[in-house]
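Written out below as structure tokens is the structure these notes cover.
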Amino acid sequence: MEPSRRPLKKGGSRMDAALDAMTALGFDKKVVHQTVNKLLKVYGSNEGWVFIEDGDYRLLIDQLLEAQQQDQEQIP
Numbered sequence: 003m004e005p006s007r008r009p010l011k012k013g014g015s016r017m018d019a020a021l022d023a024m025t026a027l028g029f030d031k032k033v034v035h036q037t038v039n040k041l042l043k044v045y046g047s048n049e050g051w052v053f054i055e056d057g058d059y060r061l062l063i064d065q066l067l068e069a070q071q072q073d074q075e076q077i078p
């Protein structure tokens, strides 16, 4: 008989925490998700979370604001 596995907690991942924190600041979930994935590619998959989470997501916020500013500059 296989040992029973503990059910996964819904919403307990690092991505979920980042999404919760950024949507509370008014950022779109889809944009946050895309930005986190880009940062993880740059900084390395799991190792990249240290940089993303550092300073209450300072790096992530900076990237989101920079993308927002670029989008606004493209609108005539």
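Residue numbers (our numbering): 3 to 78. Virtual Cβ for every residue (Gly too), placed ideally from N, Cα, C.
With a threshold of 16 other beta carbon atoms within 10 Å, residue 76 falls short and is exposed. With a threshold of 16 other beta carbon atoms within 10 Å, residue 62 meets it and is buried. The C-beta distance from residue 20 to residue 45 rounds to 13 angstroms, too long to fall under 8 angstroms, and the pair is not in contact. When secondary structure is reduced to three states using DSSP, residue 39 falls in the helix class. Take the alpha-carbon of residue 51 and the one of residue 38: they are about 9 angstroms apart.
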